[in-house]
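For the protein sequence lines, the chains are B and V, in the order given. Using our numbering, read the first sequence as starting at 1 and increasing by one per residue. Using our numbering, read the second sequence as starting at 316 and increasing by one per residue. Take a look at the structure set out below.
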Amino acid sequence: MSAEIAIGRKGRAAGRHGAFGDAAFKTLTLAFAVLVLVVLAGVIASLVLGAAPALEHFGFNFLITEAWNPVTEKFGALAPVYGTLVTSAIAMLIGIPVAFGIALFITELCPNWLKRPLSIMIELLAAIPSIIYGIWGLFVLAPFVQEHIEPALIDTLGAVPGIGLLFQGPPLGIGVLTAGFILAIMVLPFISAVMRDVFETVPAVLRESTYALGAVVLPYARIGVFGGILLGLGRALGETMAVTFVIGNAHHIHASLLQPGTTISAALANEFTEAVGDLYLSSLIALGLILFVITFIVLALAKLLLIRLEKQAGS
Amino acid sequence: MIPLYARRRLTNRIIIGLSIAATGFGLLWLVMVLGTLLINGASAIGPALFVQMTPPPGSSGGLLNAIAGSLVMTGIATLIGTPTGILAGTFLAEYARGSQFGELVRFINDILLSAPSIIIGLFVYEAMVVRMGHFSAWAGAVALAIIMVPVIVRTTEDMLRLVPSALREAAAALGAPKWKVVVMVTYRAALQGMVTGVLLAIARISGETAPLLFTALNNQFWSTDLNRPMANLPVVIFQFAMSPYADWQVLAWGGALLITVSILVLNITARILAAWSSFKS
């Protein structure tokens, strides 16, 4: 009772005012946090609704049809899905070992004064926007690949039975291989940044004892490295502009990596604003839905692995 | 034992050699991309670039309408995205530590951070362009804002978490209600980090092309009407570079150089700010 008198009327008023302000501020921030979930829900809803007409019309066949013919309105996702997966696979094949080498060099080998500038330069690769890689790929990389790399590949690997099928046909410069190569450069910084962080979390005691035994720090870091790879894969799958410039945009599946192809995102970028007819538009949105589902699964998996690593490092 | 030792030393040398080669490989592309950009873009940079409109095929011109359009849409996106991202990030850092709902928001936010930007374009197309019946600068700005938000949420949360609890407790002990502690103490302590996040988010959207393709579209003319399609640098670069006209291709290089330089400047400013704030604490 006496305490209440001591606080006085003014104090109590301020307390109540503060409580109201607290509740209001908390609700405000909560509302915007909910907004993040709303955006995701909106993305899913709009893709599903937009894709529904095409999926109802073609059914499961949409996934296994290669044809993409706006005139006869026959659409199938097989060619762009194939292109998306193959270009990303090439990107991973080149990107993972290189990113691993970079991360290893920065954490374990390079002198201390070089660490920061080197990390920043590799991170700048991620700051360069997709469209810049695209214009560079179209005017610089593709002609170079056409003149020097592809003829060499055709002459050497192209003659080998089996994998030779991957390197057949005229050297065009534009095609699946060039797109995959650009993607590899683009995902490098993402993968190597995660790997670098992971290598740095390896406890010093563990590191020293493995040195003593002559072993590598890799086993401890396996989860994190895999998470980083998946993160890079998620980026590669959805990358749009750079691929659109150099893949040639042909809705065909060729065994040869030197031939033009298309990816989901390249098909969207090229055709969406010019699509005439509801079924055409809906088929494109259905492609978008497929891309979203694939990248969501890959990114969610990456995130779960990295969270597990964080808990492991924390405990 | 000697051969084993020799073998290990050899393996070690090979691995060192390979990792140096990998680093060189990564840096080579950075130098190549920036180098060609500088060489090809420099010839396009001149007063005309900043005072003339995008030309019809086969004639020379500039990028004034595209530059203005990009600035307008990036500006609106920043005005929408910054408060949204900061408030959501504040919730995660101040009110949702250890809560399951917070974990969920953080998880979804991280997925949106890496989600393909073309999907965001599709979403805004369905949600705004179809409903309004036309492409518009508003739709473009909203698409860019949606791409900014996850970046700002993430950096805001990280920066707020770095603020020592002792600061919050001291303010609370003086009788400040929690919202005042957050706004007047925590925000102030984390200000530089938060500004860094916003700058990085602006850098991220300045080159985004895919989400603008089906939202803002493009406009060959000067337009200040936010309800109509608006020219913007990334889409102009895309169209001009893919065209067969030499004049357009030169302009595309000029635009590409312009975007890259502004992004690098934003990035470097952000880094200096971040380094300065960590130096201070």
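Every residue gets a Cβ at the ideal spot worked out from N, C-alpha and C, and that includes glycine. A quick note: this is a predicted structure, and the numbers were derived from the prediction, not measured.
Backbone CA spacing between residue i and residue j [nearest angstrom]
| i | j | result |
| --- | --- | --- |
| V:R483 | V:R503 | 11 Å |
| B:T27 | B:A77 | 44 Å |
| V:N534 | B:A152 | 44 Å |
| B:T263 | V:K493 | 50 Å |
| V:R324 | B:K303 | 37 Å |
| B:G83 | B:I253 | 8 Å |
| V:L459 | B:I128 | 17 Å |
| B:L306 | V:L364 | 46 Å |
| B:A31 | V:P526 | 25 Å |
| V:A585 | B:I191 | 22 Å |
| B:A379 | V:A488 | In the structure as shown, chain B begins at 1 and stops at 315. Residue 379 of chain B is therefore absent and cannot be evaluated. |
| B:E138 | V:A381 | It is worth fixing the name first, because residue 138 of chain B is Leu in this sequence and not Glu. Rounded to whole angstroms, B:L138 to V:A381 spans 22 Å at the Cα level. |
| V:S414 | V:L528 | 39 Å |
| V:E523 | V:R412 | 33 Å |
| V:A321 | V:R328 | 11 Å |
| B:I297 | B:V43 | 15 Å |
| V:V457 | V:G396 | 9 Å |
| V:F536 | V:A546 | 7 Å |
| B:A300 | B:I223 | 14 Å |
| B:G11 | B:A19 | Bear in mind that a pLDDT of 47 at B:G11, under 50, signals an unreliable position, so the number given afterwards is only what the model happens to contain. Going by the C-alpha atoms only, they are around 12 Å apart. |
| B:Y133 | V:K495 | 46 Å |
| B:I174 | B:A250 | 11 Å |
| B:P111 | B:P117 | 11 Å |
| B:M1 | V:R476 | Confidence at B:M1 is low in this model, with a pLDDT of 40, below 50, so the placement of that residue should be treated as unreliable; the coordinate-derived value is given next. Roughly 39 Å separates the two Cα atoms. |
Residue i (DSSP reduced to helix, strand or coil)
| i | result |
| --- | --- |
| V:R322 | helix |
| B:G21 | helix |
| V:N380 | helix |
| V:S592 | helix |
| B:W113 | helix |
| V:F536 | coil |
| V:N684 | Here chain V covers residues 316 to 596 and nothing more, so residue 684 of chain V does not appear. |
| B:N61 | helix |
| V:N582 | helix |
| B:G69 | In the sequence as presented, Gly is not what sits at residue 69 of chain B; that position holds Asn. The answer is strand: DSSP assigns B:N69 an E or B state. |
| V:F314 | This structure leaves residue 314 of chain V out entirely; chain V is present only between 316 and 596. |
Under 8 Å from the C-beta of residue i: neighbouring residues of chain B
| i | result |
| --- | --- |
| V:I426 | L40, F296, L299, A300, K303 |
| V:N542 | Going along chain B, no residue has its Cβ under 8 Å from V:N542, so there is no contact; the nearest lies around 18 Å. |
| V:E472 | Correct list: empty, because the minimum Cβ distance to chain B is about 10 Å. |
| V:R586 | I120 |
| V:N582 | L124, A127 |
| V:I517 | Correct list: empty, because the minimum Cβ distance to chain B is about 12 Å. |
| V:E484 | The contacting residues do not exist; V:E484 stays about 16 Å from chain B at best. |
| V:Y410 | K26, T29, L30 |
| V:I391 | None at all; the shortest Cβ gap to chain B is about 17 Å. |
Chain V residues whose Cβ lies nearer than 9 Å to that of residue i
| i | result |
| --- | --- |
| B:G101 | I330, L333, S334, I335, A336, A337, T338, F340, G341 |
Chain B residues whose Cβ lies nearer than 7 Å to that of residue i
| i | result |
| --- | --- |
| V:L402 | L28, T29, F32 |
| V:S429 | L231, G234, R235, L299 |
| V:V420 | A33, V36, L37 |
Where residue i meets chain V, residues with beta-carbon distance less than 8 Å
| i | result |
| --- | --- |
| B:L279 | Per Cβ cutoff of 8 Å: no residues; B:L279 is ~16 Å from chain V at best. |
| B:P129 | S521, G522, E523, T524, P549, I574, T575, I578 |
| B:D22 | P492, K493, W494 |
| B:F292 | A430, P431, I434 |
| B:G164 | Result: empty, since nearest Cβ-Cβ is about 26 Å, beyond 8 Å. |
Residues that residue i contacts on chain V, provided the C-beta gap is smaller than 7 Å
| i | result |
| --- | --- |
| B:M241 | T524, A525, F553 |
| B:V98 | A337, F340, G341 |
| B:A269 | I433, A525, L528 |
| B:S88 | Here the premise fails: no neighbours, minimum Cβ distance about 12 Å. |
| B:W113 | Per Cβ cutoff of 7 Å: no residues; B:W113 is ~15 Å from chain V at best. |
| B:T262 | Within chain V, no residue comes near B:T262; the closest Cβ sits about 13 Å away, beyond 7 Å. |
Cβ-heavy atom distance, residue i to the ligand FAD, below 7 Å
| i | result |
| --- | --- |
| B:H252 | With respect to the ligand FAD, the structure shown offers nothing to examine, as it has no ligands at all. |
With a floor of 4 residues, list each alpha helix (DSSP H) that falls wholly inside the region 445-496 of chain V, ordered by position along the chain.
For the region 445-496 of chain V, whole alpha helix (DSSP H) runs of length 4 or above, ordered along the chain, are 452-477, 480-488.
Any contact of the region 163-172 of chain B with the region 248-262 of chain B, i.e. 3+ C-beta pairs under 8 Å?
Output reads yes: the region 248-262 of chain B touches the region 163-172 of chain B.
In chain order, which alpha helix (DSSP H) runs of at least 4 residues are fully inside the region 332-369 of chain V?
Here the runs fully enclosed are 362-366.
Would the region 182-195 of chain B count as touching the region 273-293 of chain B if we require 3 or more Cβ pairs under 8 Å?
The way I'd put it, the region 182-195 of chain B doesn't touch the region 273-293 of chain B; fewer than three beta-carbon pairs between them come closer than 8 Å.
Taking contact to mean at least 3 C-beta pairs separated by less than 8 Å, is the region 363-383 of chain V in contact with the region 577-591 of chain V?
Taking a contact to require three or more Cβ pairs closer than 8 Å, the region 363-383 of chain V and the region 577-591 of chain V do not qualify as touching.
Would you call the region 228-248 of chain B and the region 176-189 of chain B in contact, with 3 or more CB pairs under 8 Å?
With a cut-off of 8 Å, the region 176-189 of chain B and the region 228-248 of chain B count as touching, because enough Cβ pairs lie within range.
Flag this pair as touching only if the region 338-352 of chain V and the region 498-515 of chain V have three or more C-beta atom pairs under 8 Å; answer yes or no.
Three or more Cβ pairs closer than 8 Å define a contact, and the region 338-352 of chain V falls short of that threshold against the region 498-515 of chain V.
Quick one: which unbroken alpha helix (DSSP H) runs of 4-plus residues sit fully inside the region 233-284 of chain B? Chain order, please.
Taking only runs of at least 4 residues, the alpha helix (DSSP H) segments lying wholly in the region 233-284 of chain B are 241-246, 264-271.
Report yes or no: do three or more beta-carbon pairs, one from the region 100-107 of chain B and one from the region 543-552 of chain V, lie closer than 8 Å?
No contact exists between the region 100-107 of chain B and the region 543-552 of chain V.
Pair every Cβ in the region 48-66 of chain B with every Cβ in the region 263-283 of chain B, then say whether three or more of these pairs are closer than 8 Å.
Touching, yes.
For the pair the region 263-275 of chain B and the region 401-411 of chain V, tell me if three or more CB-CB distances fall below 8 Å.
Inter-segment contact for the region 263-275 of chain B and the region 401-411 of chain V is absent: fewer than three beta-carbon pairs are separated by less than 8 Å.
Is there contact here, the region 418-438 of chain V with the region 464-481 of chain V, by at least three beta-carbon pairs under 8 Å?
In short, these stretches touch, since the Cβ pair count reaches three.
If contact is defined by three or more beta carbon pairs under 8 Å, each pair taking one atom from either stretch, is the region 29-46 of chain B in contact with the region 433-442 of chain V?
With the rule of 3 Cβ pairs closer than 8 Å, the region 433-442 of chain V counts as touching the region 29-46 of chain B.
Unbroken stretches of the beta strand (DSSP E), 3 residues or longer, contained in the region 77-147 of chain B
The qualifying runs do not exist here; there are none.
Given 8 Å, three or more beta-carbon pairs between the region 330-339 of chain V and the region 514-521 of chain V:
Cβ pair count under 8 Å is below three, so no.
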